[in-house]
Amino acid sequence: MNSQNTIKSSRFGSEQGDVNTTRNRQKYWEKNLSENAKSICTRDNKYFLHQNLSTPVMNVLSKAHGIYIEDIEGKKYMDMHGNGVHNAGFNNPQIIQAVKDQLDTQMTFCPRRYTNSKAVDLAQKLAEITPGDLCKSLFCPGGSEAIEMAITLAKQVTGHFKTISFWDSFHGAGFAAASVGGEELFKGGMGPMMPGAMHVEFPNYYRNPWGFCNQDEVDNEYLRQIKTILEREPGVAAIIGEPISATPVVPSKNYWERVKDLCEKYGALVIFDEIIEGFGRTGKMFASEHFITPDVLVLGKSMGGGLLPFAGIVTKQRYDNLEHRSIGHYTHEKNALCSAAALAEIEYIEKNNLVENAARVGAHALSRLNELKEKHPLIGNIAGVGLHLGIDLIKDPGTKERAVEEADCIMYKAMERGLAFKTIEGNIITLRPALTITMEEMDQVVDILDETIGEVENSQFY
Ligand SMILES: Cc1ncc(COP(=O)(O)O)c(C=O)c1O
Numbered sequence: 000m001n002s003q004n005t006i007k008s009s010r011f012g013s014e015q016g017d018v019n020t021t022r023n024r025q026k027y028w029e030k031n032l033s034e035n036a037k038s039i040c041t042r043d044n045k046y047f048l049h050q051n052l053s054t055p056v057m058n059v060l061s062k063a064h065g066i067y068i069e070d071i072e073g074k075k076y077m078d079m080h081g082n083g084v085h086n087a088g089f090n091n092p093q094i095i096q097a098v099k100d101q102l103d104t105q106m107t108f109c110p111r112r113y114t115n116s117k118a119v120d121l122a123q124k125l126a127e128i129t130p131g132d133l134c135k136s137l138f139c140p141g142g143s144e145a146i147e148m149a150i151t152l153a154k155q156v157t158g159h160f161k162t163i164s165f166w167d168s169f170h171g172a173g174f175a176a177a178s179v180g181g182e183e184l185f186k187g188g189m190g191p192m193m194p195g196a197m198h199v200e201f202p203n204y205y206r207n208p209w210g211f212c213n214q215d216e217v218d219n220e221y222l223r224q225i226k227t228i229l230e231r232e233p234g235v236a237a238i239i240g241e242p243i244s245a246t247p248v249v250p251s252k253n254y255w256e257r258v259k260d261l262c263e264k265y266g267a268l269v270i271f272d273e274i275i276e277g278f279g280r281t282g283k284m285f286a287s288e289h290f291i292t293p294d295v296l297v298l299g300k301s302m303g304g305g306l307l308p309f310a311g312i313v314t315k316q317r318y319d320n321l322e323h324r325s326i327g328h329y330t331h332e333k334n335a336l337c338s339a340a341a342l343a344e345i346e347y348i349e350k351n352n353l354v355e356n357a358a359r360v361g362a363h364a365l366s367r368l369n370e371l372k373e374k375h376p377l378i379g380n381i382a383g384v385g386l387h388l389g390i391d392l393i394k395d396p397g398t399k400e401r402a403v404e405e406a407d408c409i410m411y412k413a414m415e416r417g418l419a420f421k422t423i424e425g426n427i428i429t430l431r432p433a434l435t436i437t438m439e440e441m442d443q444v445v446d447i448l449d450e451t452i453g454e455v456e457n458s459q460f461y
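Under numbering that gives the first Met the number 0, the first residue of the sequence shown carries the number 0, and numbering increases by one thereafter.
Structural data, given as structure tokens:
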């Protein structure tokens with residue numbers, strides 16, 4: 000492996016995404032960026048605060064449409080990341096039209112203490128399409144704030160203040176959201192975080208410290224940990240997690256059913272963060288539908304139609320008893336423009352059967368990726384459901400050592416062939432395209448992965 004590569008083999012520097020200061024990144028810039036792009040990146044570097052994962056940037060974009068992002072030289076990339084906002088495709092013309100129409104009505108921002116028909120239509124629509132008896136909404140600008148609202152609600156209605164969430168998870172950068180998140184990157188150097196925020200591991204059928212391969216063994220061990228905390232640390236307000244981990248690991252239905260039973264027994268709520276997984280991504284309108292109905296469902300990202308920041312929570316009638324407290328109180332809680340975008344997004348997903356498309360194209364991708372796994376020793380595991388897929392790259396099947404440098408090389412090689420994706424935990428390639436992607440486009444994605452993985456296996460590093 001390239002000895003000058005500066006990537007640490009530890010995954011902790013790259014929990015949420017690829018590392019942006021590697022030698023490969025430097026090489027990619029030198030080879031691919033025009034003088035114009037380099038000059039904009041230099042100004043970006045000069046005027047933005049630096050932070051891990053965001054700066055320095057990869058490239059300069061001029062537009063995004065459908066499943067593609069396009070750089071300022073006009074080169075198109077199939078984007079498998081899209082920050083999760085692109086479920087209906089980037090810059091979907093019908094959502095743009097709905098937002099333009101709403102702008103023309105002059106009902107855009109709605110001051111608090113008033114309402115408007117678009118916000119009410121959206122709350123009603125969410126009550127109709129979210130699972131089970133979820134029916135009461137609150138909106139806010141971003142996912143992190145929505146998580147804060149969910150935690151506040153759980154604390155208020157249970158009278159408890161502790162939380163259980165998962166190591167390696169990300170729920171946003173706000174204080175409570177980062178506290179329940181499981182990543183050092185967002186907490187290091189911050190001093191004490193939210194009191195009572197406890198963490199357990201997410202069930203992992205491929206990687207776990209005991210070497211368990213059997214699903215029941217894995218579930219039993221992780222449930223034992225949760226039960227121990229609930230017994231010995233009374234006063235847990237909620238268990239907060241993504242129904243499917245970001246890596247992605249798809250837990251068994253049995254796992255979430257038993258978590259729900261434990262929560263009922265100990266008076267805690269189940270909060271599902273579907274900020275990424277909601278609105279069709281996993282081949283169901285909401286990922287919860289694969290498992291259980293949570294007490295609080297948290298939505299965001301593509302809820303703004305890929306155009307505007309918007310997020311929220313949907314919960315049960317029985318938790319609507321906090322007239323004496325404020326849970327959100329966000330300036331944009333009934334923004335009509337954002338609500339119009341959200342309604343247009345849902346309408347587009349429904350009319351164009353994007354949930355079914357995600358299930359169909361995702362199943363095809365999963366089967367093709369499993370074929371690649373037979374061919375490429377670098378691939379240790381394929382996981383996911385719908386258009387939420389992950390490829391775990393390993394150096395050795397015995398040790399499952401993470402192939403971090405190899406994943407980085409594959410990422411830049413794929414970028415040069417017009418395929419953009421994010422790695423997670425250093426060695427896992429994540430694929431989360433727009434739900435509008437066709438079978439043919441997905442085949443191109445898999446073909447590029449096949450080629451680039453093969454090259455790196457043959458020591459043709461980046
Ligand atoms: C699962 C999950 N939860 C919460 C958030 C935070 O959302 P926002 O960036 O809108 O605050 C994110 C953002 O990436 C996320 O992926």
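Heads up, the beta-carbon is just placed ideally off N, CA and C, and yes, glycines get one too.
Q: With distances taken Cα to Cα, identify the nearest neighbour of THR246 among GLY425, GLU415 and VAL156.
A: Measuring from the Cα of THR246, the nearest candidate turns out to be GLY425.
Q. Thinking just about the alpha-carbon of each residue, which of ASP449, LYS161 and GLY389 is nearest to the one in CYS262?
A. LYS161
Q) When the Cα of TYR347 is compared with those of ALA36, HIS85 and GLY417, which residue comes out closest? A) HIS85
Q) On the three-state DSSP scale, how would you describe CYS337? A) helix
Q: Would you kindly work out how many angstroms separate the C-alpha atoms of ILE326 and MET148, rounded to a whole number?
A: 6 Å
Q) Smallest Cα separation from GLU273: which of GLY240, GLY305 and PRO250? A) GLY240
Q.
Counting beta carbon pairs with one atom in the region 219-226 and one in the region 197-204, are three or more of them shorter than 8 Å?
A. yes
(Q) Taking only three categories from DSSP, how would you classify LYS75? (A) strand
Q: Reducing DSSP to helix, strand and coil, say where GLY240 ends up.
A: strand
Q | Sub-7 Å separation of TYR411 and ASN23 beta-carbons | A | yes
Q) Taking DSSP as the reference, what is the three-state secondary structure of TYR221? A) helix
Q. Could you give the distance in angstroms between the alpha-carbon of ILE6 and the alpha-carbon of VAL384?
A. Any reading at ILE6 must be qualified, since the residue scores a pLDDT of 43, below 50, and its modelled position is unreliable; the value itself is stated next. Using only the alpha carbons, I get a separation of about 29 Å.
(Q) For GLU232, which residues in the same chain have their Cβ closer than 7 Å to its Cβ, ignoring the five residues on either side in sequence? (A) LYS161 and MET197
Q | ARG431 beta carbon less than 7 Å from that of MET79 | A | Cβ distance < 7 Å, so MET79 and ARG431 count as in contact.
Q | Minimum Cβ-Cβ distance from SER136 to chain D less than 7 Å | A | Protein chains in the displayed structure number just one, and chain D is not present.
Q) With a CB to CB cut of under 7 Å and the five nearest residues on each side skipped, what residues in its chain are close to TYR461? A) ASN23, LYS26, CYS408, TYR411 and LYS412
Q) With burial defined as no fewer than 16 other Cβ atoms inside 10 Å of the residue's Cβ, what is the status of LEU306: buried or exposed? A) buried
Q: Take GLU373 and list the residues in its own chain whose beta-carbon comes closer than 8 Å to its own, dropping the five residues that flank it on each side.
A: none
Q: Put MET468 into one of helix, strand or coil per three-state DSSP.
A: No answer is possible for residue 468: the residues shown for the chain start at 0 and end at 461.
Q.
Going by DSSP, what residue range makes up the alpha helix (DSSP H) through VAL121?
A. Before going further, note that residue 121 is Leu rather than Val in the sequence given. Note, LEU121: alpha helix (DSSP H), 116-128.
Q. Quick check: the region 298-305 against the region 277-287, are there 3 or more CB pairs under 8 Å?
A. Three or more beta-carbon pairs separated by less than 8 Å link the region 298-305 to the region 277-287, which places the two stretches in contact.
Q. Can you tell me where the beta strand (DSSP E) with LYS161 in it begins and where it stops?
A. 161-165
Q. Rounded C-beta distance between THR107 and ALA335? I'm assuming under 8 Å.
A. That belief holds up - the Cβ atoms of THR107 and ALA335 are roughly 6 Å apart, short of 8 Å.
Q) Less than 6 Å between the CB of ASP272 and some heavy atom of ligand 1, yes or no? A) yes
Q) In this structure, what does DSSP give as the bridge partners for CYS139? A) ALA310
Q: Spell out the partners DSSP gives VAL455 in its beta bridges.
A: The partner list for VAL455 (beta bridge, DSSP) is empty, contrary to what the question assumes.
Q: Quick one: give me the first and last residue of the beta strand (DSSP E) that TYR67 is part of.
A: 67-70
Q. Would you report the Cα separation of ALA339 and LEU377, rounded to the nearest angstrom?
A. 45 Å
Q | Validate contact between the region 53-66 and the region 433-453 using beta carbons, cut 8 Å, 3 pairs | A | yes
Q. Do the CB positions of ALA118 and ILE146 come within less than 7 Å of each other?
A. no
(Q) Just to check my reading of the structure: THR281 and ASP294 have Cβ atoms closer than 8 Å, yes? What is that Cβ distance to the nearest angstrom? (A) Contact doesn't hold; Cβ gap of about 20 Å is too wide.
Q) How big is the Cα-Cα spacing for GLY195 and GLY142? A) Between GLY195 and GLY142, the C-alpha separation is close to 22 Å.
Q: Would you tell me roughly how many angstroms separate the C-alpha atoms of GLU456 and MET57, rounded to the nearest one?
A: 25 Å
Q. For LYS252, which of ILE228, ILE291, MET284 and LYS226 has the nearest alpha-carbon?
A. ILE291
Q) Does the Cβ of HIS170 lie closer than 6 Å to at least one heavy atom of ligand 1? A) yes
(Q) Using a Cβ-based criterion (distance less than 6 Å to any ligand heavy atom), does ILE275 qualify as near ligand 1? (A) yes
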